[in-house]
Amino acid sequence: MKKVKILDKEAINRSIMRIAHEIIEKNKGIAELCLVGIRNRGVHLAKRLSDNIKKIENKDIPCGTLDITLYRDDLAMASGQPLVRKTEIDFDLNDRKLVLVDDVLYTGRTIRAALDALNDFGRPKSIQLAVLIDRGHRELPIRADFVGKNIPTSSQEAVEVHLEEADGSDEVLIAGKE
Amino acid sequence: MMFWSKKDLLGLEYLTQEEILLILDTAESFKEVSSREIKKVPALRGKTAVNLFYEPSTRTRISFEVAAKRLSADVINIATDTSSVRKGETLIDTGKNIQALKADIVIVRHSCSGAANMLARALDISVVNAGDGWHEHPTQALLDIFTLREKLGKIAGLKVTIVGDIAHSRVARSNIWGLTKLGASVTVCAPELLLPAEIEKMKVKATSDIDKALKDADAVNVLRMQFERDENAAFPEQLDYYKKFGITEERLDRAQKGIIVMHPGPINRGIEMSSGVADGDNSVILEQVTNGIAVRMAVLFLVAQAREKIKNGDID
Numbered sequence: 012m013k014k015v016k017i018l019d020k021e022a023i024n025r026s027i028m029r030i031a032h033e034i035i036e037k038n039k040g041i042a043e044l045c046l047v048g049i050r051n052r053g054v055h056l057a058k059r060l061s062d063n064i065k066k067i068e069n070k071d072i073p074c075g076t077l078d079i080t081l082y083r084d085d086l087a088m089a090s091g092q093p094l095v096r097k098t099e100i101d102f103d104l105n106d107r108k109l110v111l112v113d114d115v116l117y118t119g120r121t122i123r124a125a126l127d128a129l130n131d132f133g134r135p136k137s138i139q140l141a142v143l144i145d146r147g148h149r150e151l152p153i154r155a156d157f158v159g160k161n162i163p164t165s166s167q168e169a170v171e172v173h174l175e176e177a178d179g180s181d182e183v184l185i186a187g188k189e
Numbered sequence: 013m014m015f016w017s018k019k020d021l022l023g024l025e026y027l028t029q030e031e032i033l034l035i036l037d038t039a040e041s042f043k044e045v046s047s048r049e050i051k052k053v054p055a056l057r058g059k060t061a062v063n064l065f066y067e068p069s070t071r072t073r074i075s076f077e078v079a080a081k082r083l084s085a086d087v088i089n090i091a092t093d094t095s096s097v098r099k100g101e102t103l104i105d106t107g108k109n110i111q112a113l114k115a116d117i118v119i120v121r122h123s124c125s126g127a128a129n130m131l132a133r134a135l136d137i138s139v140v141n142a143g144d145g146w147h148e149h150p151t152q153a154l155l156d157i158f159t160l161r162e163k164l165g166k167i168a169g170l171k172v173t174i175v176g177d178i179a180h181s182r183v184a185r186s187n188i189w190g191l192t193k194l195g196a197s198v199t200v201c202a203p204e205l206l207l208p209a210e211i212e213k214m215k216v217k218a219t220s221d222i223d224k225a226l227k228d229a230d231a232v233n234v235l236r237m238q239f240e241r242d243e244n245a246a247f248p249e250q251l252d253y254y255k256k257f258g259i260t261e262e263r264l265d266r267a268q269k270g271i272i273v274m275h276p277g278p279i280n281r282g283i284e285m286s287s288g289v290a291d292g293d294n295s296v297i298l299e300q301v302t303n304g305i306a307v308r309m310a311v312l313f314l315v316a317q318a319r320e321k322i323k324n325g326d327i328d
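Taken in sequence, the protein lines are chains S and V.
Plus 11 on top of the position in the first sequence (first one is 1) and you've got the working numbering.
Plus 12 on top of the position in the second sequence (first one is 1) and you've got the working numbering.
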């Protein structure tokens with residue numbers, strides 16, 4: 012299987028920094044702002060975004076972790092990873108502007124599940140979506156507010172996001188099947 | 013990394029160390045759900061769980077019911093004393109009828125050892141053993157082990173003592189399987205007549221000296237003495253039992269500081285342990301009840317998921 016690198020470490024860093032600026036710009040500052048990363052890689056991206064936002068605004072913003080396995084619309088599918096992990100949101104979501112963070116936006120079903128899950132934790136004032144890669148092929152009416160890179164793909168291809176924290180290196184690869 | 017692939021949970025004897033750890037780790041994630049304001053996730057929405065209890069049980073049945081409901085499953089309780097079981101229907105026939113109702117999980121308690129295994133072979137739907145005879149009570153042992161791990165950070169290398177009617181205890185048997193598979197060393201302590209000779213084949217130490225059994229133990233799991241079921245002349249007098257085997261403050265003073273005291277409930281105060289111990293700092297008895305929900309949620313979720321994958325042909 013042939014893999015092509017489409018983003019390297021520098022490109023990923025620049026994308027995350029740009030998204031951090033865009034989040035601050037769109038929300039006119041960081042008042043009431045919070046980030047929630049979707050397991051697994053969205054969590055690392057959310058952490059990096061919050062570090063960047065802190066560099067710009069000199070203030071910490073709350074950052075949480077969401078596991079959406081229990082909110083999947085297909086029980087047998089809820090097995091992308093072998094283990095259901097913890098959701099950790101130790102701040103009140105009510106009346107916050109929440110930015111949901113994930114690595115790849117594809118069918119939109121993960122985001123649908125995440126919205127359901129967040130609903131059980133409170134009522135944010137607004138929910139925005141930040142993703143590193145938007146690869147198209149949506150099956151639900153969902154779109155991202157902040158995108159690192161749009162990558163047109165065929166559904167035969169796989170997009171692999173590797174992050175230092177989880178995979179030992181920063182890169183985005185596209186793998187063609189066969 | 014391994015995936016759970018069994019449609020049933022019948023006993024810890026049949027699980028690998030990895031499978032036991034997978035249940036415990038999954039339960040750790042599920043524990044958070046019960047601390048939310050909305051204590052419910054949609055994971056088993058549209059699934060039906062049936063509690064089929066041939067023996068009286070309050071806490072296990074309710075714990076399973078709460079667990080299933082927190083996963084959004086529908087729960088049906090069948091009390092066998094008011095059902096067609098009284099008209100002579102066999103366990104397998106009852107099970108097949110439940111399957112024909114398109115239920116997804118049967119949680120079964122039965123006085124015959126092996127009842128859950130037999131039912132699981134006869135049915136395509138998931139079977140969870142909630143206690144069968146003297147054989148196994150896997151979710152009780154899993155919640156005991158979960159609680160121990162939460163308190164002490166690990167299981168490997170721990171010394172755990174189990175006190176009580178070892179001969180007739182499915183809780184003891186499941187705990188022995190689970191604890192030894194995870195690398196703990198187990199001592200069982202009971203009056204000689206309640207200490208089966210073959211128990212040492214299960215790689216445990218056996219003694220009838222409670223002080224010896226408590227010395228060096230990191231935890232003691234105190235079994236319920238079922239004096240109300242006293243068909244058996246082997247049971248010693250209750251007061252005599254308390255004097256020789258009851259867990260008291262004085263006995264704990266001689267044991268390791270910080271020894272964990274567990275009990276599956278309901279407690280006979282003044283028989284298995286003193287009230288001071290049951291309510292004292294060493295006791296984790298009510299935490300066991302809370303953890304039981306997380307453990308049973310994990311079990312229900314994993315078996316339902318495995319069955320779904322079997323149905324889809326993803327696994328055999």
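Note that the Cβ used here is the ideal one computed from N, Cα and C, for glycine as well.
- Legend: CB atoms of the stretch 100-118 of chain S lying less than 7 angstroms from CB atoms of chain V are not found in any residue.
- Glutamate 182 of chain S places its beta carbon less than 8 angstroms from that of lysine 16 of chain S.
- At a C-beta separation below 8 angstroms, aspartate 37 of chain V has these neighbours in chain S: Leu94.
- According to the DSSP assignment, valine 301 of chain V belongs to the alpha helix (DSSP H) that extends over 297-323.
- Taking the Cα positions, lysine 171 of chain V is about 28 angstroms away from serine 75 of chain V.
- In the structure shown, methionine 130 of chain V adopts helical secondary structure according to DSSP, grouped into three states.
- With the rule of 3 Cβ pairs closer than 8 angstroms, the stretch 24-33 of chain V does not count as touching the stretch 53-70 of chain V.
- Listed in chain order, the beta strand (DSSP E) elements of length 3 or more contained wholly in the stretch 122-185 of chain V are 138-144 and 171-175.
- Against chain V, the beta carbon of leucine 126 of chain S has no neighbour under 7 angstroms; the closest one sits roughly 12 angstroms away.
- Annotated as proximal: isoleucine 41 of chain S and lysine 70 of chain S, with beta-carbon spacing under 8 angstroms.
- Glycine 133 of chain S carries a coil assignment under DSSP once its states are collapsed to helix, strand and coil.
- If the five residues before and after phenylalanine 65 of chain V are omitted, its C-beta is found closer than 6 angstroms to the C-beta atoms of Arg73 and Arg121, all from its own chain and listed in chain order.
- Residue pairing by DSSP places asparagine 69 of chain S opposite no residue, since no beta bridge is assigned to it.
- Secondary structure at threonine 72 of chain V: helix, using DSSP grouped into helix, strand and coil.
- Contact with chain V is absent for threonine 121 of chain S, since none of that chain's Cβ atoms lies less than 8 angstroms from the residue's Cβ.
- With a cut-off of 8 angstroms on Cβ pairs, the stretch 33-41 of chain V is not in contact with the stretch 289-300 of chain V, counting fewer than three such pairs.
- Residues of chain V whose Cβ lies closer than 8 angstroms to the Cβ of aspartate 78 of chain S are, in chain order, Ser41.
- Distance between aspartate 93 of chain V and glutamate 67 of chain V, taken at the CA atoms: about 9 angstroms.
- The three-state secondary structure of alanine 218 of chain V, taken from DSSP, is strand.
- For methionine 274 of chain V, the three-state secondary structure derived from DSSP is strand.
- Residue range 29-43 is occupied by the alpha helix (DSSP H) that includes glutamate 30 of chain V.
- Contact between alanine 91 of chain V and lysine 108 of chain V is absent: CB atoms are separated by about 19 angstroms, not below the 8 angstroms threshold.
- Residues of the stretch 130-141 of chain S that bring their beta carbon within less than 9 angstroms of a beta carbon in chain V comprise Asn130, Asp131, Phe132 and Gly133, in sequence order.
- For the pair leucine 314 of chain V and valine 140 of chain V, the CB atoms are not nearer than the 8 angstroms cut-off.
- Scanning the stretch 21-70 of chain S for uninterrupted alpha helix (DSSP H) segments of 4 residues or longer gives 52-68, listed from N- to C-terminal end.
- Counting the other CB atoms within 10 Å of its CB gives aspartate 113 of chain S a total of 16 or more, which places it among the buried residues.
- Closer than 7 angstroms at the C-beta level to chain S, one finds no residue of the stretch 147-175 of chain V.
- When rounded, the separation of the alpha-carbon atoms in leucine 226 of chain V and phenylalanine 15 of chain V is 38 angstroms.
- Closer than 8 angstroms to the CB of alanine 55 of chain V there is at least one CB belonging to chain S.
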